[in-house]
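This report refers to the structure that appears directly beneath it.
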Amino acid sequence: MSGTSLDGIDIAVVEFNFDRKIAHKILKAETIPYEHHWKIKLSGAINSSEADLQNLNLEYTTYLADVLNQFISRNNIGDLDTICSHGHTIKHEPQNGYTLQIGNYRQLAANTGHTVVCDFRVQDVELGGQGAPLVPIGDQLLFPEFDFCLNLGGFANISAEIKNQRIAYDICAVNTVLNFYAQKLDKEYDEGGKIAASGEFKEELFNELNRLSFYSEKPPKSLGMEWVNSEVFPLLKQYEDDIPSLLHTYSKHVAFQISEAVKYSEGAKVLVTGGGAFNDFLIDELKRISNAEFVIPSEELINYKEALIFAFLGALRLRGENNVLKSVTGARKDHSSGKIYNP
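Using my numbering, the first residue of the sequence shown is number 156, and each one after it goes up by one.
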């Protein structure tokens, strides 16, 4: 996995047992941080020409294979059935029938010597879906004891079983915004939300953010950096002279939008994963304004749940079973998505 927050490449070695109830275990997991030049390349790629994107795609695929080979060798990993790779999202425009995750070329299988299942989103967009979120089938089958599964990564997304079908959607931008402004203060991110906690609440900004039209749209719906660049950053720009208060207010905005998403289920049990689960200011604000029970699991699950579930999507693809739900993405049908490349 590589997420929009650009923390690095998440690698997890996962074992599944499909005998009766589906069992899963993370055997080994690690995040390989991006070097600075990769952060610059990936964050700026959205504005690249088609030719430059093709070159970057090949370069990133080669780099990803090298990272995987080093991880496999360093940890003496054997008996791999497959490598399941999400790649890194550069553009996500489902309304235009287009989504691009780089790192999913056939060379990934050739360079690693392993079967690869990858490029999970494109088929769903071709079927009229949003191409996102794809994690909910894993939420449904691997974590059925929770009313909601909430991921706080570059974006917040949520899934739940509503009227006997899985519903899921993106809620708002989280770490794509919080990290961007923390980095203006020479911090990689706002550790524990301490900078946000030191700021003041800006009610006018809070209200402006909550009026964004995306929040009144009905699911299925998904977000990408295009939306952040065109809708969110222009609102925040006028408050950049006081970044702690900007972070404080934006964090409260995130908490408010999440609380709106879970308010229809009294006392709901919510599994919280993703880097935002470590943001104490955000979590405390969530608990303060919502009657839901927000469950923070082990650090391993917080960090690697998404990698775990994309491994699960790959396993389902190899078994010929549906791994994308039309009720979530809006596609014309449930389907088994992902390209399979043999070495």
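The C-beta atom is built at its ideal place from N, Cα and C for all residues, glycine as well.
#1: Which same chain residues end up closer than 7 Å to R487 when comparing Cβ atoms and leaving out the 5 residues on each side of it in sequence?
#2: Report yes or no: do the region 230-237 and the region 210-220 share at least 3 C-beta pairs separated by less than 8 Å?
#3: Between L255 and the rest of its own chain, which residues show a CB-CB distance below 6 Å, the 5 nearest in sequence each way excluded?
#4: Would DSSP call R321 helix, strand or coil?
#5: As a quick exercise: from A287, D279, V277, pick the residue whose alpha carbon is nearest that of A311.
#6: Could you tell me the boundaries of the alpha helix (DSSP H) in which T484 lies?
#7: Measuring CB to CB, does G429 end up less than 7 Å from L307?
#8: Enumerate in chain order the residues of its own chain whose CB-to-CB distance from G158 is below 6 Å, with the five nearest sequence positions on each side excluded.
#9: Rounded to whole angstroms, what is the Cα-Cα separation between L473 and E372?
#10: To the nearest whole angstrom, what separates the beta carbons of N334 and S160, a pair I think is in contact under 8 Å?
#11: Please confirm whether C304 and L426 have their CB atoms less than 7 Å apart.
#12: Pull the bridge partners of F303 from the DSSP assignment, please.
#13: State the CB to CB distance for the pair S385 and P249, rounded to an integer number of angstroms; the pair is presumed to be in contact (CB under 8 Å).
#14: According to DSSP, E448 sits in a beta bridge with which residue or residues?
#15: Between the region 355-371 and the region 386-395, can you find at least three pairs of beta-carbon atoms closer than 8 Å?
#16: At which residues does the alpha helix (DSSP H) containing Q295 begin and terminate?
#17: Helix or strand or just coil, what does DSSP make of K246?
#18: Are G348 and L463 close, meaning C-beta to C-beta below 7 Å?
#19: With a Cβ-Cβ cutoff of 7 Å, do V329 and V409 count as a contact?
#20: What does the Cβ neighbour count give for E454, buried or exposed, with the cut at 16 atoms within 10 Å?
#21: Beta-carbon separation of V280 and G252 under 7 Å?
#22: H192: buried (16+ other C-beta within 10 angstroms of its C-beta) or exposed?
#23: Please name the residue in N266, I398, K196, N478 whose C-alpha comes closest to that of Q225.
#24: Going straight from the alpha carbon of N497 to that of K339, what length do you get?
#25: In its own chain, which residues sit with a C-beta less than 6 Å from the C-beta of P299, not counting the 5 before and 5 after it?
#26: If we call anything under 7 Å between Cβ atoms a contact, is E166 one with E185?
#27: With which residues is S204 paired in a DSSP beta bridge?
#28: May I have the straight-line CA-CA distance separating L219 from Q262, to the nearest angstrom?
#29: DSSP beta-bridge partners for D165?
Taking the structure as given:
#1: Once the five neighbours on either side are set aside, the close Cβ partners of R487 are L282, G283, K481.
#2: Two segments are said to touch when three or more pairs of C-beta atoms, one from each, lie closer than 8 Å; by this definition the region 230-237 does not touch the region 210-220.
#3: For L255, the CB contacts under 6 Å within the same chain, skipping 5 residues up- and downstream, are I245, K246 in chain order.
#4: DSSP, reduced to helix, strand and coil, places R321 within a strand of the structure shown.
#5: Comparing Cα-Cα distances from A311 to each of A287, D279, V277, the minimum goes to A287.
#6: Its alpha helix (DSSP H) spans residues 481-484.
#7: Closer than 7 Å, so yes.
#8: Closer than 6 Å at the Cβ level, and outside the excluded window around G158, lie G308, G309.
#9: Each residue's Cα considered, the two are about 35 Å apart.
#10: With 8 Å as the limit, N334 and S160 qualify as a contact, their Cβ atoms being about 6 Å apart.
#11: Going by C-beta atoms, C304 is nearer than 7 Å to L426.
#12: Answer is A315, V425, bridged to F303.
#13: Actually they do not touch by this definition, with Cβ atoms about 16 Å apart.
#14: Beta-bridge pairing links E448 to K424.
#15: Using a Cβ-Cβ distance cut-off of 8 Å, the region 386-395 and the region 355-371 are in contact, since at least three pairs of beta carbons, one from each stretch, lie closer than that value.
#16: From DSSP, the alpha helix (DSSP H) with Q295 extends over 291-297.
#17: In the three-state reduction of the DSSP assignment, K246 falls in the strand class.
#18: No, the Cβ-Cβ distance between G348 and L463 is not below 7 Å.
#19: It is a contact, given that the beta carbons lie within the stated cut-off.
#20: Burial check for E454: the Cβ neighbour count within 10 Å stays below 16, so the residue is exposed.
#21: Going by beta carbons, V280 and G252 fall inside the 7 Å limit.
#22: So H192 counts as exposed.
#23: Closest option to Q225, Cα to Cα, is N266.
#24: Their backbone Cα atoms lie some 44 Å apart in a straight line.
#25: There are no such residues.
#26: Note that residue 166 is Ile in the sequence shown here, rather than Glu. Remark: C-beta atoms of I166 and E185 approach each other more closely than 7 Å.
#27: Note: S204 sits in no beta bridge, so no partner.
#28: C-alpha separation (whole angstroms): 10 Å.
#29: D165 pairs with T186.
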